[in-house]
Structures are given as structure tokens and as C-alpha cells.
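In what follows, a single structure is set out as C-alpha cells and then discussed.
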Amino acid sequence: MKLLLKDGKVINPVNKTITIQDILIADGKVAAMGKELAASLNLDLDESTDGRSTVPVDSNSGFQPVFFNNKETSKNACPPIFVINVKDKYVVPGLIDLHVHLREPGFEEKETIATGAQAAARGGFTSIVCMPNTEPPADNQAVISYIQQTAQKTGMVNVFPTGTITQGRAGKELSEMASLAEQGVVAFSDDGAPVVNAKLMRHAMEYAKMLNLPVISHCEEPALAYGGVMHEGFMSTMLGLAGIPAAAEEVMVARDIILAGLTGCHLHVAHVSTAGSVELVRAAKEKGIKVTCEVTPHHFTLTDEVVSSYDPHTKVNPPLRGKVDVAALHAGLKDGTIDVIATDHAPHTPEEKELEFEIAPFGMVGLETAVGLVWTKLVIPGILTACEAVAKMTVNPARILNLKKGLIETGGEADITVIDPNLTWVVKPEEFAGKGRNTPFSGWSLKGLPVVTMVGGRVKWMKLDK
Amino acid sequence: MGLKEKHLLDMQGIAPEEIKLVLDTASSMKEILFRSIKKVPTLRGRTIANVFYEPSTRTRVSFELAAKYLSADCINISAAASSVVKGESLVDTARTLKAMGADVIVLRHPHSGAPYHLAKLVSACVINAGDGTHEHPTQALLDLFTVQEAKGELAALKIAIIGDILHSRVARSNIWGFTKMGATVRICGPTTMIPVAVERTGAHLYTRIEEALDGVDVVMMLRLQLERQQQGLFPSIREYTRLYSLDRQRLALAKPGALVMHPGPLNRGVEITSAVADSAQAVIDTQVTNGVAVRMALLYLLAGRFAGGEE
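Going down the list, the sequences are from chains A and B. To convert a position in the first sequence, counted from 1, into my numbering, add 166. To convert a position in the second sequence, counted from 1, into my numbering, add 4.
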């Protein structure tokens, strides 16, 4: 099957350029790209021709494929070329989310690899990195292999598993990290359960360095955070909810940066949420320590003030922080201290989540609202350019994980996302493809939506008028 | 005029005129308490459900008596702490009460914010009888009533609240209540038990009890939860008592005739000496009596107007 993305504004996040180009996709690869490519292919693109046909969409989520004008008039009557008109839309490398909880195996009531992958496709992500806090945890080759095979069977998006740092995420003994690496994990993390023992963390970093893989650290000093359910500040005082101080995160960020300096391991700090963390990462980068970090859309969008309703959908770890922190996250995104935007997609069932705030679990879903929030809260207000925002969701995570992805280039894998920056839509959790409905953004009006998600040259999600 | 909302969930959101209305109504109710036949037919045919997820004798009995003096039917539901862990019980209990048609639900719950959760699930009026470490609005109203009764006017008074402010729902509600009525609130305790940014509520912060007591009209002592010591919030009962206990000598720093209050139950010899607790300045028993009057006023204002939550 051949596909032509016509007249799109193609973003190259490496050169930071936007050019209007056509992209021809054949056999899962980018076959050619350039201006007026459609004309050089001698395609009959007379708009008046009423040759309606359907681009095959792999999504089995029950969505109606969209009809539009299709020209199959290549000169030698070769196999048809499906044309998708993406004029005025951004054509970007397939988005990569390096922080997703797919919940399978073990918590299939919250999400499965299949539903999580559907949600990813809907959200414009062609590759996702899943965290190892499953049951059993992804601390051995069998679980990793299960995830890989299930993802492949699902056939929606690329799923890259992470392996645990310690066996059972218990923080006591190292996992068989080399075996996990052999099985194809892209990073190590005990996400959700910080490695408290500093010596063990040191050894994990030394070992990961030998394997040339990054360690993703969920930075939280558990004793300082103990019992806390929201950001410690005036809001927690008013609401009578136990606070998680910014220091609980920053103490651990500082420790892990120091250990990264000691070991030379690549440290990736997951979901930074405080001004202090941003400052620590900035200083570490200036010193030349190999550290990168990510921020979630909910942390750069919301403050702890939204907790005032005691709505458990606003409960997340790290917690939503104060205004000063959100401003620092924006500054960190802008100056490059924050390399990546990742969702920390954390689905839960309504039965679990709709409880009293203090006993509801932490976490919110993010895959299907990420692009809308990035555009509405960062690109439109001018905090990031479209190129910068796209880089933080494509080439930057690809580099951190040593993936050959994140750029549209001739001969490369055709993982491509099309974003309509002018489309305004309303967040309706009941229409999510993923199982989780736990979002604080229900009813929000957002501008910017992924309208085509293509993985390996096949369309996995498409929502176009024509 | 009546209360703006059909629930009483917190003091933070209540307006000064509403507080005044409750206190005025409580005055009339208190008169009933001193009649030989302490019963009026005002709420006949209304049902009040006391739903207590935490043990409490004082508050529950106070609401129960208030309901009975007003001729309402009153049922008590105590849930074992273990069933709260999973939380479904609040939703299910709410459904049950809704189906049975309770007009007012009085909720005591160990989790901050639980009454908001309940108010969304039922049509009945919800009264917060203490939620976690958030608020205890009826306690604040009875404290305001007690002080107003003794001092005449709330504005321009100085109130010192001493003890574990961090975990105290009584302190939070009283900070809002007294501040709204124009009084000055001082809070005092070890820094480990002072919540972050508490000054933004309008309260003034002290760590030395002697300074906090200087010239105040009212001293409110909070109960010290002895298990806080294990959490590292203070080194020993001995040192806490040395620094923060209210004894005669310290009380002398307050204005002559200053009121001594305590929400109970008391740790005699810890946060307050018996000599002070049993002195003429202590109004601890009056607080209990006034609690019934204030809760009668609230039940009257809510259940009198809303049947099954409908006006």
C-alpha cells in the first residue's frame, strides 16, 4: 500500500524547520518527501473528481473510517496510492511517550496493553514506553517478553518496555538487568517505588552504564512524603489534607544527580514537578552530568488549587504543585532544562478512583489529552514553538532511549503523526479509547488534536473531515 | 433569611451574617434547654441520621439530644473503622439513607473532605460533624456562641488557640469563624505542629505560649494526641507540658477574666492543669451545653426548611 500525505506543514524537530511538503509512504517506509511531490508522481489530483475511497484504518476501536477524495490514477495503473490531504496541519514524527502505565499483566481491569495502545494511537503516539509496576513486576525476561508479544499481537503502536531496577521493585536486590537488556528493555526504573538505599542505586547506575541504558528515577524520599496526599502548601493547610513537601522530590533528585555524577550513568528524572527540581537539573546539566528529565501535561497545566473540590481526579503523585512551580516548569521547558513531555498515563477504575480523596489511588490518564494540552497551554500561549514542543515528544525521548525514531526522513520508518492545530475539541472521558476515565480535564475545551496516527506506514487512527 | 446552602460543610465558606443567624437562633434554642419540659414540636416528622465513622460520644450525643428536643426522629449509625478502609461504605450508606429518606445527615468521618463527597451523593442536608483534619464547623459555632454569650461582642476580641494546630479540625474552623466575626486569632504550638502557610488564613503565629497568651480574652486549648510523639513531632510529653501546658501562672498572662475553653476530651496534666480546667474561668461545661443549643439551631435552620433536602 502506498500513501501520500499531501501539503502538510512538515516539522523537522532536529533542524527546527517547518516546510510544506508531500510525503510518500510505501512499504512502511518514507519513500520520498518534497515539495510538489504529488505533481511529480503524475497523480491526477483534480479536486472535482469524485473518486471516493477509504484509507484503510487499522484501529479496531469501532470508529468509522473517513471518506475523502482518492486518486488511484498513477500512470502505470500500479497499486493505488491513497492520498490524505493534510493542508494547514502539522506533519510530525510519530510522538513518543516515555512514561506510560499499561497495567498488564496484573491490573487488566484498569487498562490492557491493547486498550492502552489504542489510547496511544488516539493521542497521536506511535511509540510508548511502559513502566514495570505490573503484577508480576517486569523484573524478568518472561514478563518483558509477554508485554512485547502482546503488544505485537495488538499491532497498534510500538511498545517499549522498561525493566525494574530491583527485583519485585522491592529496593533490596538488583534485577537481572543484563538479561532484561538482552530481552529489549529500553531503560530501568522502579517507577512509583523509589530506590531508597543509596548504595543500591549507585550499583544500579554503574550496572546500567555498563549496559548503556538510562535509569529512570521516580524521585521521592518516602519518609518525607509519608502519608501525604497532595502538595504541601496553603491549600493542604486549608483542606486539612496531609502534604507532600517539594523537598520530598528535591532531596531525591539531588541524590540521584550526585550518583549520576559519580557513576557516569545516564539519569532520566521522571515527572519533575517542583521549581527546586528544575533548578537542580539545570545546574547538573551545566556541570556536564548526564541527566535529562520530563514533565507531564498535568503538572505544567494545573496547580494545587484544583484540589479544593476534593475531587480524587486531581490526586496524582507527584502532586499538583503551586503557581511558582508551574512557572518554573514553563521556564525549564523553554530553556531546554526539561527535555521531554511525557504523560505518566495512569489509568484506574471508577470504583477505585471515586472514593474519598485520601483513600483514592494516585494517578490520572494522559495519552488522549496530551497533544491538546501541549498545544493549548504551551504552543498557543507562546511558551514553546511548535518545533520545540514536537522535539520534546519525538527526537528528545528517542535520543534518551537510543531509539532510531523521532524524525521523518527518506528511508526511515513511517511513524508519523498529523496534528490539526486549529481544531477545538472538548474532553469527553466517556469517549476515550483507553479504559481509564480518571482525568481532571473532563469538559475542558482544548485546541490542537492529532488527526492521523501512522505506525510503520499504516494508519492507526484518523479523524479528518474529508 | 436563612442559610445560603442546604449543607453545613465548613466555616471557610460561611458568611458572617449566616454565623450571626445561627448564633441568634441558638439563643432562642438555649432557652428551651432550661424549661422543665425540654421539647418543642418544631421538627416533628423529620428524620436526622447521625452517621459516625469515628468514635465520638460528645458530638453524637449532642446532635441526638438536639434532634430529640426538637421532636425529630433520630437514628445513629456507627461504622466500624475497618469498613471505611475501602471507602465504598460511605457511598453505600449514602444510598441507603437516601432511599430511606433522611432529611439531615450528620457525618463524622476520619477523611478530610468526606462530607463533600456525601453531599454530592444524597439529596438530604449534610452537616459536617468533623472530617479528618479539615474542619469541625459545629464546634466552631458553639465556641463562637459561648464566647459571645460571655463577652457580648466578638469583634475586637483576641483569641489564642494553643496546641497541635496541624492536626486540628477545631483550630481550622475556629480560625475562620473568629476571623470572620472580626476577632483576632493567635495560634501557638511547636513549629512541628503548625501547618504550612497558616498565616494566610489571617491567624497570627506564635511559638512561645507566654507571648501568645499576653492580653488575650479567650484561651482555647487543644487536645494533644499522645501518639504524635512517636511520629517525631515532639520529643516527650514532659517537654510538651513544660512548653505548652496551661497552668495558673501562664493563664495570669491573659486578660483578667479571660475564658478558658477546651473542645474535650481533656488530657488533664498534659495540655491543661486540673486547677485551670476546674477554675471559674473555664467554660468547658458551658461549651457542652451550648453545643446542644447550636445544633438545635442548625437542625431547625436546615431541616425546618428542607424536607428530604427539598425546599
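Positions of the beta carbon are idealized from the N, C-alpha and C atoms, including for glycine.
Reference residue i; option with closest CA among the options
i	options	result
Thr-293 of chain B	B:Arg-48, B:Ala-19, B:Phe-67, B:Ala-53	B:Phe-67
Leu-573 of chain A	A:Lys-172, A:Met-199, A:Asp-173	A:Met-199
Tyr-312 of chain A	A:Ile-186, A:Glu-270, A:Val-540, A:Ala-414	A:Glu-270
Ser-82 of chain B	B:Ala-76, B:Leu-111, B:Ala-70	B:Leu-111
Glu-203 of chain B	B:Ile-179, B:Glu-214, B:Met-224, B:Val-220	B:Ile-179
Gly-409 of chain A	A:Ala-494, A:Ala-599, A:Ile-546, A:Phe-523	A:Phe-523
Asn-54 of chain B	B:Phe-149, B:Val-280, B:Cys-129	B:Cys-129
Thr-328 of chain A	A:Gln-314, A:Val-625, A:Lys-451, A:Gly-337	A:Gln-314
Ala-353 of chain A	A:Arg-448, A:Thr-330, A:Lys-365	A:Thr-330
Glu-275 of chain B	B:Lys-43, B:Gly-17, B:Leu-209, B:Ser-249	B:Ser-249
Leu-228 of chain B	B:Arg-99, B:Asp-168, B:Ala-311	B:Asp-168
Ile-676 of chain A	A:Leu-169, A:Met-322, A:Ile-177, A:Lys-175	Since the first and last residues shown for chain A are 167 and 632, residue 676 of chain A lies out of range.
Arg-309 of chain B	B:Glu-21, B:Ser-40, B:Arg-48	B:Arg-48
Thr-462 of chain A	A:Leu-499, A:Leu-379, A:Lys-489	A:Leu-499
Arg-448 of chain A	A:Glu-416, A:Thr-292, A:Asn-324, A:Ala-389	A:Glu-416
Phe-56 of chain B	B:Gly-134, B:Ala-19, B:Tyr-244	B:Gly-134
Val-126 of chain B	B:Gly-181, B:Gly-105, B:Thr-29, B:Leu-217	B:Gly-105
Tyr-120 of chain B	A:Gly-290, A:Leu-405, A:Trp-610, A:Gly-272	A:Leu-405
Thr-137 of chain B	B:His-113, B:Ala-258, B:Leu-303	B:His-113
Gly-337 of chain A	A:Asn-299, A:Val-323, A:Val-295, A:Ala-308	A:Asn-299
Arg-242 of chain B	B:Asp-218, B:Arg-252, B:Gln-253, B:Gly-273	B:Gly-273
Ala-147 of chain A	A:Ala-205, A:Ile-184, A:Glu-275	Residue numbering for chain A in the displayed model covers 167 to 632; residue 147 of chain A lies beyond these limits and cannot be assessed.
Below-7 Å beta-carbon distance, residue i vs any chain B residue
i	result
Phe-528 of chain A	no
Tyr-476 of chain A	yes
Phe-234 of chain A	Model confidence at Phe-234 of chain A stands at a pLDDT of 43, short of 50, so the residue's coordinates are unreliable; what they give is reported in the following sentence. No, Phe-234 of chain A does not count as interfacial toward chain B.
Arg-218 of chain A	Low local confidence applies: a pLDDT of 44 at Arg-218 of chain A is under 50, so the model's placement there is unreliable, with the coordinate-based value given in what follows. No, Arg-218 of chain A lies away from the interface with chain B (no Cβ there is under 7 Å from its Cβ).
Asn-226 of chain A	Low confidence applies to Asn-226 of chain A: its pLDDT is 47, below 50, so where it sits in the model is not reliable, and the reading given next is rough at best. So, not an interface residue.
CB contact check: residue i to chain E, cutoff 7 Å
i	result
Gly-117 of chain B	Looking at the structure shown, chain E is missing, and the protein chains on hand are A and B.
Interface residues of chain A facing residue i [CB-CB closer than 8 Å]
i	result
Thr-137 of chain B	Gly-406, Leu-407, Ala-408
Test: residue i CB closer than 7 Å to a CB of chain A
i	result
His-121 of chain B	yes
Ile-23 of chain B	no
Partner residues on chain A for residue i, Cβ-Cβ distance less than 7 Å
i	result
Leu-94 of chain B	Glu-522
Neighbouring residues, chain A, relative to residue i (Cβ below 9 Å)
i	result
Gln-16 of chain B	Met-404
Which residues of the stretch 191–225 of chain B have a Cβ closer than 8 Å to any Cβ of chain A? Give them in chain order. Contacts with chain A (Cβ-Cβ distance below 8 Å) from the stretch 191–225 of chain B involve Pro-199, Val-200, Ala-201, Val-202, Arg-204, Thr-205, listed in chain order.
Are three or more beta carbon pairs between the stretch 270–288 of chain B and the stretch 185–204 of chain B nearer than 8 Å? Result no; under three Cβ-Cβ pairs closer than 8 Å.
The stretch 369–382 of chain A in contact with the stretch 284–293 of chain A per 3-pair CB rule at 8 Å: Result no; under three Cβ-Cβ pairs closer than 8 Å.
Of all the residues that make up the stretch 393–409 of chain A, which are near chain B by a beta-carbon distance shorter than 8 Å? Of all residues in the stretch 393–409 of chain A, only Glu-398, Gly-399, Phe-400, Ser-402, Thr-403, Met-404, Leu-405, Gly-406, Leu-407, Ala-408, Gly-409 come within less than 8 Å of chain B when Cβ atoms are compared, listed by chain position.
Compile a chain-ordered list of the residues in the stretch 503–525 of chain A whose CB is closer than 7 Å to at least one CB of chain B. For chain B, the residues of the stretch 503–525 of chain A that bring a beta carbon within less than 7 Å of one of its beta carbons are Leu-521, Glu-522, Phe-523, Glu-524, Ile-525, in chain order.
Does the stretch 382–394 of chain A come close enough to the stretch 347–359 of chain A that 3 or more CB-CB pairs lie under 8 Å? Touching, per the Cβ criterion.
Within 8 Å, do at least three Cβ pairs link the stretch 292–311 of chain A to the stretch 333–351 of chain A? Judged by Cβ distances under 8 Å, the stretch 333–351 of chain A makes contact with the stretch 292–311 of chain A, as three or more pairs qualify.
Are the stretch 409–424 of chain A and the stretch 475–489 of chain A touching, with three or more C-beta to C-beta distances below 8 Å? A contact is defined here as three or more CB-CB pairs under 8 Å, and the stretch 409–424 of chain A meets this definition with respect to the stretch 475–489 of chain A.
Given 8 Å, three or more beta-carbon pairs between the stretch 254–268 of chain B and the stretch 20–35 of chain B: Cβ pair count under 8 Å is below three, so no.
Contact set between the stretch 245–258 of chain B and chain A, restricted to residues whose Cβ is under 8 Å from the partner: Look at the stretch 245–258 of chain B: it has no residue with a C-beta under 8 Å from a C-beta of chain A.
Residues from the stretch 169–186 of chain B in contact with chain A, defined by Cβ distance under 7 Å: Listed by position, the residues of the stretch 169–186 of chain B near chain A (Cβ gap below 7 Å) are Arg-173, Arg-176.
Taking contact to mean 3 or more Cβ pairs, one atom from each stretch, closer than 8 Å, check whether the stretch 255–267 of chain A and the stretch 503–513 of chain A are in contact. The stretch 255–267 of chain A vs the stretch 503–513 of chain A: in contact.
Does the stretch 562–577 of chain A come close enough to the stretch 529–544 of chain A that 3 or more CB-CB pairs lie under 8 Å? No, the stretch 529–544 of chain A is not in contact with the stretch 562–577 of chain A.
Any contact of the stretch 590–609 of chain A with the stretch 525–539 of chain A, i.e. 3+ C-beta pairs under 8 Å? Yes, the stretch 590–609 of chain A is in contact with the stretch 525–539 of chain A.
The stretch 575–595 of chain A / the stretch 438–454 of chain A touching (three or more Cβ pairs under 8 Å): No: the two stretches stay apart, fewer than three of their Cβ pairs being nearer than 8 Å.
Pairing CB atoms from the stretch 543–557 of chain A with CB atoms from the stretch 434–452 of chain A, are three or more of them under 8 Å? With contact defined as three or more Cβ pairs closer than 8 Å, the stretch 543–557 of chain A and the stretch 434–452 of chain A are not in contact.
Quick test of the definition: if touching needs 3 or more C-beta pairs under 8 Å, does the stretch 137–148 of chain B touch the stretch 6–16 of chain B? Touching, yes.
Are the stretch 21–28 of chain B and the stretch 251–258 of chain A touching by the rule of at least three beta carbon pairs closer than 8 Å? Not touching, per the Cβ criterion.
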